[in-house]
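Beneath this line is the structure, given in structure tokens, with notes to follow.
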Amino acid sequence: MEKQLIPQLRFPEFDNEWKEEKLVNLSQKVAYGMNASATIFDGVNKYLRITDIDEDSRRFIPKPLSSPDDKIEDKFILKKGDIVFARTGASVGKSYLYNEIDGKLLYAGFLIKFNISKAVPYFVFLQTFRESYRKWVQVYSMRSGQPGLNAEEYKLLKFNCPQIEEQQKIASFLSDVDDKITKLTKKKVLLEQYKKGIMQKIFNQELRFKDDNGINYPIWEEKKITTFAKTSIGLVTSMTKHYVHKDIGVPLIRNSDIMGNKIRMEKLIYLDKVFSETHNNRRLKFNDVVTVHTGDIGVSSVINKNLDGCHGFATLNTRIKNIKEVLPSYLSWYFNSERGIRYALSMATGDGRSNYNLKDFNKAIVPIPHIKEQTQIANFLSDIDLKLEALNTKIENNKSFKKGLLQKMFV
38 MEKQLIPQLR
48 FPEFDNEWKE
58 EKLVNLSQKV
68 AYGMNASATI
78 FDGVNKYLRI
88 TDIDEDSRRF
98 IPKPLSSPDD
108 KIEDKFILKK
118 GDIVFARTGA
128 SVGKSYLYNE
138 IDGKLLYAGF
148 LIKFNISKAV
158 PYFVFLQTFR
168 ESYRKWVQVY
178 SMRSGQPGLN
188 AEEYKLLKFN
198 CPQIEEQQKI
208 ASFLSDVDDK
218 ITKLTKKKVL
228 LEQYKKGIMQ
238 KIFNQELRFK
248 DDNGINYPIW
258 EEKKITTFAK
268 TSIGLVTSMT
278 KHYVHKDIGV
288 PLIRNSDIMG
298 NKIRMEKLIY
308 LDKVFSETHN
318 NRRLKFNDVV
328 TVHTGDIGVS
338 SVINKNLDGC
348 HGFATLNTRI
358 KNIKEVLPSY
368 LSWYFNSERG
378 IRYALSMATG
388 DGRSNYNLKD
398 FNKAIVPIPH
408 IKEQTQIANF
418 LSDIDLKLEA
428 LNTKIENNKS
438 FKKGLLQKMF
448 V
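Just so we're aligned, residue 38 is where the sequence shown starts under the numbering used here, counting upward by one.
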């Protein structure tokens, strides 16, 4: 018996079976974009390239905003109802639905345009977020060389569609979910910008905290890092052959795990315990600070109780231990600040280096406020991070909600 095309989750006023349709039957004006290089934005004509389509939201987020370096022809200007698809490379299958708020937008040659005329454009666009679409792209884009899909292949892409009224209802409902995600994301971006600005003011001492009586704390001191802490370099040996499952291993902190005053727990690598014991002197302890001095120079984090006793970290990272008279959290915030990173970069420049060594780092001069002001600074910035984490959780929850709806509201 043939399976009925009926979604798992549905608005109660609809009960008709869905029908399978090819993209070509829902579209008109299929065309490739213009083969022009990008140039400085002229103030009017915006250029849409594959890289300008955000990987996650599929919105137009230019990197940077540009104009096409060629004659402007009307046939390349996107209009309402237009969806473009990436036709080659690692991003093959990436889609974008034209939004009038993006202004006058011309699309590039590695994109294929379909004008959706016999379906709700946003309903069709939503289909490109589904796992079934990802698998279709993966299968049909296989080439002997670089992955690719041409216009004729995209025309054969099949979607299951209900009547227009149900398409509109689904599109409207999921559009509201997208709007919520967008608003939360904007709020997060604004808070991140505020955090960056406030950190700059704090560590430039343009913004000072006061004690409980409203009195200013003493003037900050400048201290060489070796006067209040000990430093050391992480493991320098190859450790790949010692990687094991997390259930039987000891976590290894690498530069890629250190991210903006926290450790990214989800991507930790684990080492064999026997190998770990042979390097016991490299074990990180609670309240150690680790700072990157190759790649993302200056990025730092404090080792929390969950990581107490973990293994040493990858080569060319610095461990700051036995910290006295300075809060580890304050020290980490300083190294993550614009001033701290600028100072770290200054130690790595001058001879073409992309990193600095321990000898250079030991010369670092750190601005040290009164211990109570350190506490207020660290707590204030940590509170902002907690708000950012809460926003991020809401964003991810809404994305998961949308993903579930895409699974249940479509066939």
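By construction, the Cβ of each residue, glycine as well, lies at the ideal position given by its N, Cα and C atoms.
For residue i, which of the options has the nearest alpha-carbon?
i    : options                : result
S128 : E92, P158, K116, E110  : E92
E202 : K155, G234, W173       : K155
D52  : G126, P199, Q175       : P199
A427 : F48, K224, V214        : K224
R301 : V336, K322, T315       : V336
K278 : G80, K310, L227, I256  : K310
E137 : G126, K131, D119       : D119
P404 : F447, F417, E258       : E258
H348 : L289, Q45, R171, I402  : L289
H316 : V287, D333, N324       : V287
L443 : R167, E58, P105        : R167
Y231 : F447, F417, K445       : F417
F350 : V363, K322, E362, S374 : K322
S209 : L42, K233, L305, L163  : L163
F97  : G140, D106, F78        : G140
I285 : N394, F312, I270       : F312
D420 : V363, D333, I432, I235 : I235
K66  : A188, D249, G251, E433 : A188
V363 : N324, G346, Y380, Q237 : N324
K217 : F447, Q204, I43, E433  : E433
D106 : P99, K100, D79         : D79
R379 : R171, Q237, V157       : Q237
F447 : L211, P99, V81, Y135   : L211
D422 : K445, L344, K233       : K233
R245 : P406, K56, D345, V81   : P406
D215 : E314, E57, Y159, I270  : Y159
V157 : Q204, D213, I334, S275 : Q204
For residue i, which residues of its own chain have a beta-carbon under 8 Å away from its beta-carbon, when the five flanking residues on both sides are left out?
i    : result
L60  : F151, V161, Y191, K192, L193, L194, K195, F196
K247 : N253, Y254
R171 : G130
Near residue i, which residues of its chain fall below 6 Å by C-beta distance, leaving aside the five closest residues on each side in sequence?
i    : result
V339 : V326, P365, S366, S369
V121 : Y133, Y144, L148, K150
T328 : S337, T355, F372
M384 : Y393, D397
I360 : A266
Q41  : E54
V281 : Y307, D309
E58  : F196, C198
S269 : R356
Given a cut-off of 8 Å on the beta-carbon distance, is the pair residue i and residue j in contact?
i    : j    : result
R376 : N292 : no
K283 : Y307 : yes
L148 : R124 : yes
L272 : R319 : yes
G126 : I90  : no
K358 : K261 : no
K424 : L228 : yes
I402 : I239 : no
K206 : F48  : yes
I153 : L46  : no
T263 : N399 : yes
S94  : T76  : no
K445 : P44  : yes
Quick one: measure Cβ to Cβ for residue i and residue j, integer angstroms, because I've assumed they're closer than 8 Å.
i    : j    : result
L102 : K83  : 6 Å
T331 : N392 : 4 Å
Keeping to the same chain, check which residues put their C-beta closer than 7 Å to that of residue i; ignore five residues upstream and five downstream.
i    : result
M38  : At M38 the pLDDT is 49, less than 50, meaning the model places this residue with poor confidence; the figure from the coordinates comes in the next sentence. Cβ within range, chain order: n/a, list empty.
W173 : L194
S178 : V129, G130, P184, G185, L186
G297 : V336, N373
D294 : I300, R301, K304, L305
L344 : P288, I300, L321
T222 : I432
V81  : K141
Y135 : L115, K116, K117, D119, L142
G346 : R320, K322
Item to check | Inter-stretch contact at 8 Å, needing at least 3 Cβ pairs: the region 105-119 / the region 133-145 | outcome: yes
Next on the checklist: Under 8 Å, with one C-beta from each stretch per pair, do the region 92-112 and the region 57-74 reach the 3-pair mark?
Outcome noted: yes
Next on the checklist: Count Cβ pairs between the region 400-410 and the region 433-444 that sit closer than 8 Å; are there 3 or more?
Outcome noted: no
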